[in-house]
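The structure under discussion appears below in the form of structure tokens.
Residue numbers (the UniProt record's numbering): 1 to 643.
So this is what it looks like as structure tokens:
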């Protein structure tokens with residue numbers, strides 16, 4: 001027998017550490033991320049970002065060191081805590097910065113100043129000088145340099161931005177150009193104003209509806225096992241009706257056109273007739289193929305329904321699974337906040353260099369220029385790592401559930417046991433899996449960046465090739481994500497390294513290729529219907545509620561916000577459901593491969609799946625021993641003891 005050549009699956013028998021070198025590599029990488037953060041804080045970037053700095057390189061609110069070759073640098077600005085821009089509305093969109101002289105002032109102008117005399121009066125009464133440091137308040141109206149060194153008037157009423165000590169105009173209409181560059185449709189600021197006020201007045205309704213979508217998602221998780229059969233039938237009927245209807249309409253149009261075309265003999269009518277004939281024939285062929293696929297797949301749909309049923313039971317036994325998306329989301333938000341903060345630090349780090357206009361800019365010199373590349377790779381790898389940890393946790397918990405014969409003997413919280421196992425043994429595997437995804441993601445992002453850069457250039461061929469490459473990489477990423485998910489499951493079962501696990505899982509998936517296809521098509525479509533159901537219900541409730549407010553608010557934007565949120569929530573929850581179904585399928589495939597229900601080799605599976613196996617065996621006996629592909633595919637179930 002070939003059992004010796006092939007390793008047995010030993011569910012949950014021993015735990016050993018996997019992929020330790022990768023864990024060490026990942027820890028080293030994280031230390032590097034920490035170093036970047038420390039470096040940018042040590043070089044004064046944090047102080048510059050929070051306190052603000054003027055065009056001469058002085059940090060506001062403290063004593064400064066002189067910069068060589070720059071006048072007005074190295075001033076003591078202890079009492080001048082706010083940054084004031086002489087022309088705050090002059091925004092350079094390409095370099096994403098304000099093109100204006102910046103100064104440190106002791107107070108922002110709280111009312112509009114129309115002339116130089118007003119600016120002088122403000123300086124004398126409030127002690128806040130809004131012109132450059134070399135001018136005294138008494139010289140504002142007399143000195144000819146005032147035109148260049150004083151603010152562009154009228155000076156708009158400003159207020160300091162909380163935490164960031166910058167004076168910003170209170171009326172944001174001056175940023176209208178800026179907003180236009182971001183959002184082209186809101187050219188009129190009153191529309192924007194109405195939209196925002198619409199969101200603000202109905203914020204209670206928006207919050208309520210977001211909660212509703214959460215509740216609906218949780219309910220759907222519980223009841224999807226009862227309605228899975230109905231959903232499959234609805235789906236089948238819809239597909240059949242749709243394809244038949246489409247074909248019928250095309251043939252009817254063709255017949256109608258043929259009758260009318262016999263009267264009018266023009267070239268266009270002939271071309272149209274031919275096109276319709278081609279469409280109708282291809283639609284017929286498509287329908288026939290679809291029916292054949294449905295006939296082949298109908299047995300495997302039963303397995304999908306059974307798996308959905310068991311997945312519903314898993315959620316009842318492991319209720320904490322439902323909260324899994326919350327933890328992941330929370331950790332991701334924390335990490336992204338940290339990442340953006342450090343990115344902002346990196347924007348103001350470096351050594352002061354005089355630019356063409358004689359002001360100071362902070363530039364990175366030497367190899368430190370490439371620090372932010374490292375930072376970007378960190379964003380992708382660590383985000384993927386966090387998501388992979390979620391997959392591993394779910395896989396570990398479901399595997400424990402499946403391979404525990406007595407459900408009473410389950411650990412108190414299988415989820416926590418699974419997290420514990422992940423942290424103690426399998427972090428290296430997760431790091432390796434997420435690194436592989438990162439390797440595919442980075443080239444795709446670079447290509448997408450090049451593609452956006454080529455937008456204006458009319459080089460259609462190059463753009464088309466880029467599009468194709470991006471598509472291929474995207475498909476590769478999806479396939480790898482699916483394989484990774486199954487590799488994590490195999491690791492959770494056997495405690496083997498990532499590569500071994502991926503190979504074992506791949507063999508099992510190839511042996512059950514048709515079933516995998518059925519589960520991924522039918523199952524995904526059912527979950528998609530679930531998402532549509534949640535979004536539609538929330539949207540409907542939103543229209544009913546917002547309708548009462550229609551007289552004094554625009555409710556397009558609130559409704560869009562609510563529907564987007566509902567879709568995101570439904571996606572988070574149902575993706576956990578999808579993970580559970582995938583893990584269950586792999587466990588089921590392993591179970592049927594190595595056990596046959598005889599004494600000593602009892603199945604681990606649930607009653608629902610057992611019924612499915614029994615039905616498959618019955619149908620096989622009817623077909624006869626060698627009857628068709630179905631007989632061959634289910635052979636391991638009957639003949640597992642021959643291995």
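Yeah, the Cβ is synthetic: ideal placement off N, Cα and C, and Gly gets one too. Owing to the predicted nature of the structure, the values given are computational and were not obtained by experimental measurement.
Check: Candidates 100, 53, 102 and 85: which alpha carbon is nearest residue 78's?
Finding: Along the chain shown, one-based indexing puts residue 78 at 78. Nearest of 100, 53, 102 and 85 to residue 78, Cα basis: 53.
Check: Rounded to whole angstroms, how far is the Cβ of residue 488 from the Cβ of residue 395, which I believe are closer than 8 Å?
Finding: For the purposes of this step, residue 488 is taken as the residue at position 488 of the chain shown. For the purposes of this step, residue 395 is taken as the residue at position 395 of the chain shown. Right, the Cβ-Cβ distance comes to about 5 Å (below 8 Å), so this counts as a contact.
Item checked: Cutoff 6 Å; reference residue 151; Cβ partners in own chain excluding five residues on either side -> Against the chain shown, residue 151 aligns to sequence position 151. Excluding residues within five positions, the ones whose Cβ falls inside 6 Å are 86 and 130.
Next item on the list: Might you give, ordered along the chain, the residues of its own chain that have their beta carbon closer than 7 Å to the beta carbon of residue 48, omitting 5 neighbours on each side?
Entry: Position 48 of the chain shown, counted from the start, is the residue given in the question as residue 48. Only 59 and 348 meet the Cβ criterion.
Margin query: Buried or exposed for residue 187, going by 16 or more other Cβ atoms inside 10 Å?
Written below: Looking up residue 187 in the chain shown gives position 187. Its pLDDT being 46, under 50, residue 187 is placed unreliably in this model, and the value from its coordinates should be taken loosely. Exposed.
Notebook entry, point to check: Is the Cβ-Cβ distance between residue 202 and residue 558 less than 7 Å?
Noted result: As a working note, residue 202 is residue 202 in the chain shown. As a working note, residue 558 is residue 558 in the chain shown. In terms of Cβ geometry, residue 202 and residue 558 form a close pair [threshold 7 Å].
Item checked: residue 361, enclosing beta strand (DSSP E) - first and last residue -> Taking the first residue of the chain shown as 1, we reach residue 361 at position 361. Taken as a continuous stretch (DSSP letters only), the beta strand (DSSP E) holding residue 361 covers 360–363.
Margin query: Using 8 Å for Cβ pairs, my map puts residue 315 next to residue 321. What's the rounded Cβ distance?
Written below: Start at 1 with the first residue of the chain shown, and residue 315 comes out as number 315. Start at 1 with the first residue of the chain shown, and residue 321 comes out as number 321. Rounded, the Cβ-Cβ distance is 6 Å, consistent with contact.
Item checked: Nearest residue (CA-CA) to residue 571, options 32, 531 and 609 -> Along the chain shown, read from residue 1 onward, the residue named residue 571 stands at position 571. If we check each option's Cα against that of residue 571, 531 comes out closest.
Check: Going by other Cβ atoms of all chains shown within 10 Å of its Cβ, with 16 needed for buried, is residue 117 buried or exposed?
Finding: In the chain shown, the residue the question calls residue 117 occupies position 117. When all chains shown are included, residue 117 counts as exposed.
Checklist line | DSSP-derived helix/strand/coil call for residue 85 | finding: Numbered from its first residue, the chain shown carries residue 85 at position 85. Strand.
Notebook entry, point to check: What do you get for residue 76, buried or exposed, if any count of 16 or more other CB atoms within 10 angstroms of its CB means buried?
Noted result: Position 76 of the chain shown holds residue 76. By the 10 Å Cβ count, residue 76 comes out exposed.
Next item on the list: Please state if the CB of residue 217 and the CB of residue 573 are separated by a distance shorter than 7 Å.
Entry: Here residue 573 corresponds to residue number 573 of the chain shown, with the count starting at 1. Here residue 217 corresponds to residue number 217 of the chain shown, with the count starting at 1. In this structure, residue 217 lies closer than 7 Å to residue 573 by Cβ.
Notebook entry, point to check: Which two residues bound the contiguous beta strand (DSSP E) that contains residue 104?
Noted result: Reading the chain shown from its first residue, position 104 is the one you call residue 104. 102–105 is the extent of the beta strand (DSSP E) around residue 104.
Check: So what does residue 53 bridge to, in DSSP terms?
Finding: Translated into positions along the chain shown, residue 53 becomes position 53. Residue 53 is bridged to 59.
Margin query: Measuring CB atoms only, is the region 356–371 touching the region 297–317, in the sense that at least three cross pairs come out at less than 8 Å?
Written below: Too few Cβ pairs lie closer than 8 Å, so no.
Notebook entry, point to check: Roughly how many angstroms separate the alpha carbons of residue 415 and residue 424, rounded to a whole number?
Noted result: On the chain shown, position 415 is the one that residue 415 refers to. On the chain shown, position 424 is the one that residue 424 refers to. Near 14 Å, if we compare the C-alpha coordinates of residue 424 and residue 415.
Checklist line | Close beta carbons around residue 308, own chain, < 8 Å, minus the five adjacent residues each side | finding: In the chain shown, residue 308 corresponds to position 308, counting from 1. The answer, listed in chain order, is 224, 225, 228, 523, 526 and 581.
Note to self: Assuming contact is defined by CB atoms lying nearer than 7 Å, are residue 345 and residue 604 in contact in what I supplied?
What the structure shows: Here residue 345 refers to the residue found at position 345 when the chain shown is read from its first residue. Here residue 604 refers to the residue found at position 604 when the chain shown is read from its first residue. Contact flag unset, no.
Checklist line | Distance CB(residue 569)-CB(residue 213) smaller than 7 Å | finding: As a first step, residue 569 is located in the chain shown; it is residue number 569 there, counting from the start. As a first step, residue 213 is located in the chain shown; it is residue number 213 there, counting from the start. Yes; because the gap between Cβ atoms is below 7 Å, this pair is in contact.
Margin query: Pull the bridge partners of residue 158 from the DSSP assignment, please.
Written below: On the chain shown, residue 158 is found 158 positions in, with the first residue counted as 1. For residue 158, which the question treats as bridged, DSSP gives the partners 169.
Note to self: Taking the beta carbon of residue 325 as the centre, do at least 16 other beta carbons fall within 10 Å, making it buried, or is it exposed?
What the structure shows: Your numbering for residue 325 matches position 325 in the chain shown. Residue 325 comes out buried.
Checklist line | Assigned secondary structure, residue 65 (DSSP; H/G/I helix, E/B strand, else coil) | finding: In the chain shown, counting from the first residue as 1, residue 65 sits at position 65. DSSP places residue 65 in coil when its eight states are reduced to three.
Notebook entry, point to check: Taking DSSP as the reference, what is the three-state secondary structure of residue 18?
Noted result: As a first step, residue 18 must be located in the chain shown, where it is residue number 18. It is coil, neither helix nor strand.
Checklist line | Enclosing beta strand (DSSP E) for residue 443 [first to last residue] | finding: If you number the chain shown from 1, residue 443 lands on position 443. Looking at the DSSP string, residue 443 is not in any beta strand (DSSP E); the run it does join, the alpha helix (DSSP H), is 427–453.
Check: Looking at C-alpha atoms only, which residue of 364, 219 and 385 is the closest neighbour of residue 428?
Finding: Residue numbering aside, residue 428 sits at position 428 when the chain shown is read from its first letter. With distances taken between Cα atoms, residue 428 lies closest to 385.
Next item on the list: Quick one: residues in its chain with C-beta nearer than 7 Å to the C-beta of residue 69, no 5 flanking neighbours on either side, listed in chain order?
Entry: As a first step, residue 69 is located in the chain shown; it is residue number 69 there, counting from the start. Setting aside the 5 residues that flank it on each side, residue 69 is surrounded in the same chain by 354, each with a C-beta closer than 7 Å to its C-beta; the list follows chain order.
Item checked: residue 353, enclosing beta strand (DSSP E) - first and last residue -> By 1-based counting over the chain shown, the position of residue 353 is 353. Residue 353 -> beta strand (DSSP E) spans 351–354.
Next item on the list: Output the residue ranges of the alpha helix (DSSP H) runs that lie fully inside the region 361–413 and measure 4 residues or longer, sorted by chain position.
Entry: 371–402
Check: According to the Cβ coordinates, are residue 283 and residue 246 closer than 7 Å?
Finding: As a working note, residue 283 is residue 283 in the chain shown. As a working note, residue 246 is residue 246 in the chain shown. Contact flag set, yes.
Checklist line | Cβ-based burial, residue 64 [other Cβ within 10 Å; buried from 16] | finding: Position 64 of the chain shown, counted from the start, is the residue given in the question as residue 64. The residue is buried, with at least 16 neighbouring Cβ atoms inside 10 Å.
Margin query: Please report the distance separating the alpha-carbon of residue 546 from that of residue 205.
Written below: By one-based count along the chain shown, residue 546 stands at place 546. By one-based count along the chain shown, residue 205 stands at place 205. When rounded, the distance between both Cα atoms is 8 Å.
Check: So, is residue 369 buried or exposed, given that buried needs 16 or more other C-beta atoms within 10 angstroms?
Finding: Working through the chain shown from its first residue, we reach residue 369 at position 369. Residue burial annotation: residue 369 is exposed, with fewer than 16 other C-beta atoms found within 10 angstroms of its C-beta.
Checklist line | Residue nearest to residue 472 in terms of C-alpha spacing, selected from 278, 444 and 563 | finding: If you number the chain shown from 1, residue 472 lands on position 472. When each option's Cα is compared against that of residue 472, the closest is 444.
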